[in-house]
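If you read the sequence shown in our numbering, its first letter stands for residue 13, the second for the next number, and so on. Just so it is clear, CB atoms sit at the ideal spot from N, CA and C, and this is done for glycine as well. None of these values were measured; they are calculated from a predicted model.
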Amino acid sequence: MKNIINIIRISKPLHHLVAILSVLILTSSALALVAPILSKSIVDQIVARIEGKGGDIESLIVLVILSFGANLISLALTTLSNRIGDHFAGRLKKFLTERFYDKVLTLPQSYFDSEVSGKIINQLSRGIMTIHGFLNMASNFMLPTFLQSIFIVAILAYYNLPIAFFTFALFPIYLVLSYYSKEVIVNMSLVKSFTKEMQEFRRVEGSLDESNSIYAKQSTTYHKFDFFRGLSLNIILFAISILVFYDTFQGTLTIGEMVLILQLFNQARLPLFAMSFILTQVQMAEAGSKEYFEILSLKSSENYKKKIEVKHIDSPSIEFRDVSFQYETSGVVLDGVSFVLSSKEKVALVGHSGAGKSTIINLILKFYDPTNGDILLKGKSYKDLDHGFIRSNIALVFQENELFSTTIRENVAYGNPSTKQTSDKKIINALKLANAYDFVMKLPRGLDAQVGERGVRLSGGQKQRIQIARAILKNAPILILDEATSSLDAKSEKEVQVALENLMENKLVIVIAHRFSTIQNANKILVIENGKISESGNPQDLARREGLYKELLSYQVEGNKKLLEKFEIY
13 MKNIINIIRI SKPLHHLVAI LSVLILTSSA LALVAPILSK SIVDQIVARI
63 EGKGGDIESL IVLVILSFGA NLISLALTTL SNRIGDHFAG RLKKFLTERF
113 YDKVLTLPQS YFDSEVSGKI INQLSRGIMT IHGFLNMASN FMLPTFLQSI
163 FIVAILAYYN LPIAFFTFAL FPIYLVLSYY SKEVIVNMSL VKSFTKEMQE
213 FRRVEGSLDE SNSIYAKQST TYHKFDFFRG LSLNIILFAI SILVFYDTFQ
263 GTLTIGEMVL ILQLFNQARL PLFAMSFILT QVQMAEAGSK EYFEILSLKS
313 SENYKKKIEV KHIDSPSIEF RDVSFQYETS GVVLDGVSFV LSSKEKVALV
363 GHSGAGKSTI INLILKFYDP TNGDILLKGK SYKDLDHGFI RSNIALVFQE
413 NELFSTTIRE NVAYGNPSTK QTSDKKIINA LKLANAYDFV MKLPRGLDAQ
463 VGERGVRLSG GQKQRIQIAR AILKNAPILI LDEATSSLDA KSEKEVQVAL
513 ENLMENKLVI VIAHRFSTIQ NANKILVIEN GKISESGNPQ DLARREGLYK
563 ELLSYQVEGN KKLLEKFEIY
């Protein structure tokens, strides 16, 4: 219960609801026992009337009305507490989700590089949904029945201590037996689902025989525990019945008290029968909240709520001074890298996969800090600059076509650095410059067309041009193109290149490219090999110089030449 208690502890803004809920549950649970207590007086009045020892009809009517009124008030309070419990669970779900994303948005890039995005979402959904379900169950069922059980044992202790003891003894016995029977059920589910992973028929056949054998044993064990649960209940019920009837026969208990005790014991059976369900819910909530706190306990590296003045740098330059870097789980990726990127330069990063091109981009974006050395933005060290300020001066166009599952309008407007709403005029202008306006207007809903998850309803070239429109709207002085056309066909690449020309104008452009045809207009090419800058120069100089660039270029030229010869295109 440690993690569940921590959930309640961190939700301070909702503690007033917890207090109201507690009072309502406590009151309704107490009132639910008023009717059985009054029934004792009603029965005693009737017996006295029959025996001619008193009892009047007026008192009986008053007792019946009070019993009905108590039940009615208890019902109203239970309904109200259930409604507030649902409201509290919903508010807590929203609160925990906000806390989760508040933490996720401050985590370092290294966390996302090492974790699968699906795992993060699963931790959120499993954690919050199980907590939400548990709190609903707790407020609507578990807490009321738990409090009623305490009240019942207390009332029984007032009338007869041995009976109260026997009733109380049922709970730990049922708890232990319910725990083991629940474990058996969980294992049976696991065994039954195990064969779903089998591919070959023979293996499935053998596994089925084995799993059926285990299933039969587990089933037998479960029914044994279930039998002992029922047996323990019947034995204690028998013992209590003997005590009650004996004390009533001896005159120690009145007929009304006998009826009250039997009624109370019958009510105490409800939480006993629900013990397995309650245990399962508690364990699921505990496991879910543990996963939730695993995320919350991670160390933050960025404060996204910090107010940053979004100010574009005029004539930006980037300098790497003897920069080295290595990831936690790998060796050295960059080793003593130094270079200067000047304002309005078109710079291409070239090298084999894994050479360090993407790492340089990650360092420029301040997703990571260098292991050694320093990076400067227009002469100022990255150490003295906020990550938000740096990124506000950089626009990106990814290879992976990173679009949100929303409308074209919202995807383009995401590039707006201002918090103010982006006008359609600006969005349309960006789309036109991105060579995307025509195809967008042909869509059934135009700007309001849904792109689907990660832009699945658009072609590769269309998605790329929406990204470019977003970058145009941001109008940052530094532009990073992460292999922006490498996955496109020739026609789409040509359309995207037109859009890129508009985007790159008057900007410091950094390009990662595999197709050398796209970087022949670059001012500078940096060739990265084994974590170092092995070559640097313009495309023409590097093409004449022996080295990795010439080698990679010759491979592409040779490949294109063979293609032309094959189809006799000269």
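Output the distance between the C-alpha atoms of F180 and N278, rounded to the nearest integer angstrom. Rounded to whole angstroms, F180 to N278 spans 13 Å at the Cα level.
I want to know whether the segment 145 to 154 touches the segment 266 to 273 - three or more CB-CB distances under 8 Å. No, the segment 145 to 154 does not touch the segment 266 to 273.
Identity of the residue in R457, A488, A448, D460 nearest S471 by Cα: The shortest Cα separation from S471 among R457, A488, A448, D460 belongs to A448.
With a cut-off of 8 Å on the beta carbons, I'd call I524 and D494 a contact; round off their distance for me. The beta-carbon separation of I524 and D494, rounded to 5 Å, stays under the 8 Å limit for a contact.
Alpha carbon of A442 to alpha carbon of D553, nearest angstrom: For A442 and D553, the distance between alpha carbons rounds to 36 Å.
Mind checking D259: buried by the 16 CB within 10 Å criterion, or exposed? That one is buried.
Considering only their Cβ atoms, is the gap separating E303 from R138 smaller than 7 Å? It is a contact, given that the beta carbons lie within the stated cut-off.
So A360 is in the beta strand (DSSP E); what residue range does that whole segment cover? Segment 358 to 362, the beta strand (DSSP E) holding A360.
Reference L272, options I247, S244, T292, I175, closest by Cα: Of the listed residues, the one whose Cα sits closest to L272 is I175.
Pick from H364, I96, L38, I387 that is closest to H28, judged by C-alpha positions: Comparing alpha-carbon positions, the option among H364, I96, L38, I387 lying closest to H28 turns out to be I96.
Let me know the alpha helix (DSSP H) ranges lying completely inside the segment 244 to 292, each 4 residues or longer, listed in chain order. Whole alpha helix (DSSP H) segments, 4+ residues: 267 to 285.
With DSSP as the reference, label Q160 as helix, strand or coil. Note: Q160 maps to helix in three-state DSSP.
So N374 is in the alpha helix (DSSP H); what residue range does that whole segment cover? Run containing N374: 369 to 376, per the alpha helix (DSSP H) assignment.
CB of K358 within 7 Å of CB of A534, strictly: Yes, the pair counts as a contact, with Cβ atoms nearer than the cut-off.
If you draw a straight line from the C-alpha of Q433 to the C-alpha of D334, how long is it? Going by C-alpha positions, Q433 is about 42 Å away from D334.
Bridge partners - T419, DSSP secondary structure assignment: T419 pairs with Q462.
How many angstroms separate the CA atom of A297 from the CA atom of Y394? Whole-angstrom Cα-Cα distance: 43 Å.
Can G300 and T142 be called in contact, C-beta distance under 7 Å? Their beta carbons are under 7 Å apart, which means G300 touches T142 by this criterion.
On the three-state DSSP scale, how would you describe D68? DSSP places D68 in coil when its eight states are reduced to three.
Residue range of the unbroken beta strand (DSSP E) whose run includes S336: Element bounds for S336: 330 to 338.
Answer with buried or exposed for F332, where buried requires no fewer than 16 other C-beta atoms within 10 angstroms of its C-beta. Around the CB of F332, 16 or more other CB atoms lie within 10 Å, so the residue is classed as buried.
DSSP three-state assignment for K544, whether helix, strand or coil: Reduced to three states, the DSSP call for K544 is strand.
Relative to the C-alpha of S585, which candidate in N172, S327, K444 has its C-alpha closest? Absent from the model: residue 585. The displayed extent of the chain is 13 to 582, so no value can be given.
Given a cut-off of 7 Å on the beta-carbon distance, is the pair I484 and L515 in contact? Contact flag set, yes.
By DSSP's criteria, A384 is part of a beta bridge. Which residues make up the other side? Here residue 384 is Asn; the residue named in the question, Ala, does not match the sequence. DSSP lists S336 as partners of N384.
For L89, which residues in the same chain have their Cβ closer than 6 Å to its Cβ, ignoring the five residues on either side in sequence? So the qualifying residues of the chain are L36, T39, S40.
Give the single residue among V349, K437, I17 whose Cα lies nearest to the Cα of S546. With distances taken between Cα atoms, S546 lies closest to V349.
For T419, the nearest candidate out of K475, L375, K437 (CA to CA): With distances taken between Cα atoms, T419 lies closest to K475.
Quick one, are the C-beta atoms of I531 and A367 less than 7 Å apart? I531 places its beta carbon 7 Å or farther from that of A367.
Bridge partners for K536 per DSSP, in chain order? The partner list for K536 (beta bridge, DSSP) reads V359.
For P48 and V165, I'd like the C-alpha separation in whole angstroms. Going by the C-alpha atoms only, they are around 14 Å apart.
What does the alpha-carbon distance come out to for the pair P489 and H324? H324 has its alpha-carbon roughly 7 Å from the corresponding atom of P489.
For N428, which residues in the same chain have their Cβ closer than 8 Å to its Cβ, ignoring the five residues on either side in sequence? T434, K438, L485, K486, listed in sequence order.
Through-space distance from I167 to A280, alpha-carbon basis: Answer to the nearest angstrom: the Cα atoms are 12 Å apart.
So, for Q338: in the same chain, excluding its five sequence neighbours on each side, which residues have a beta-carbon less than 7 Å away from its beta-carbon? Answer for Q338: V344, V345, T383, listed in chain order.
Can you give the Cα-Cα distance for I440 and R421, rounded to whole angstroms? When rounded, the distance between both Cα atoms is 9 Å.
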